[in-house]
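For the sequence shown, the numbering used here begins at 1 and goes up steadily by one. Glycine residues also receive a C-beta, built at the ideal position from the N, C-alpha and C atoms. Since the model is a prediction, treat every value here as computed from it, not as a measurement. To start, the structure under review is shown below, and the notes come after it.
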Amino acid sequence: MALFGLGSAYVGTAPGSVVGDIIKGRGGQVIAAWQMAGDAGMIVGPILVGLLTDYFSYQAAFLFSGFIWIIALVLSVILPETRASYLENDLIPDKNKQEL
Numbered sequence: 001m002a003l004f005g006l007g008s009a010y011v012g013t014a015p016g017s018v019v020g021d022i023i024k025g026r027g028g029q030v031i032a033a034w035q036m037a038g039d040a041g042m043i044v045g046p047i048l049v050g051l052l053t054d055y056f057s058y059q060a061a062f063l064f065s066g067f068i069w070i071i072a073l074v075l076s077v078i079l080p081e082t083r084a085s086y087l088e089n090d091l092i093p094d095k096n097k098q099e100l
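Listed below in structure tokens is the structure:
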């Protein structure tokens with residue numbers, strides 16, 4: 001349970017800070033949509049995995065969950081940096097800037 005609590009703490013704060021860095025001025029609407037998507041995932045996810053378990057097997061549900069996890073891991077690695085202090089450092093190349 002302690003590990004679950006640590007994971008929940010990360011999931012609640014880190015993606016929200018990325019969304020907050022990206023939106024710049026439209027905070028309420030975007031954060032509300034982000035929260036609703038998270039809530040929908042909390043509702044639909046267990047139902048979908050439960051259906052996979054009922055119709056196929058625990059292994060199918062586990063593989064499906066692992067596949068979703070792999071997608072999230074890959075996206076977290078390839079997404080560009082959004083933190084302003086990181087991007088303002090001249091020693092670190094900005095992948096979003098294009099040289100003319």
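Under the three-state DSSP convention, the category residue i falls into
{"i": "PHE56", "result": "coil"}
{"i": "MET1", "result": "coil"}
{"i": "LEU63", "result": "helix"}
{"i": "LEU79", "result": "coil"}
Nearest neighbour of residue i, chosen from the options [CA to CA]
{"i": "GLY16", "options": "LEU3, GLY5, ILE31", "result": "ILE31"}
{"i": "ILE68", "options": "GLY41, TYR55, ASP54, PRO80", "result": "GLY41"}
{"i": "SER8", "options": "TYR58, GLY38, GLY50", "result": "GLY38"}
{"i": "ILE47", "options": "GLN35, MET36, PHE64", "result": "PHE64"}
CB-CB length for residue i against residue j, believed under 8 Å
{"i": "VAL49", "j": "ALA33", "result": "About 24 Å separates the two Cβ atoms, so there is no contact after all."}
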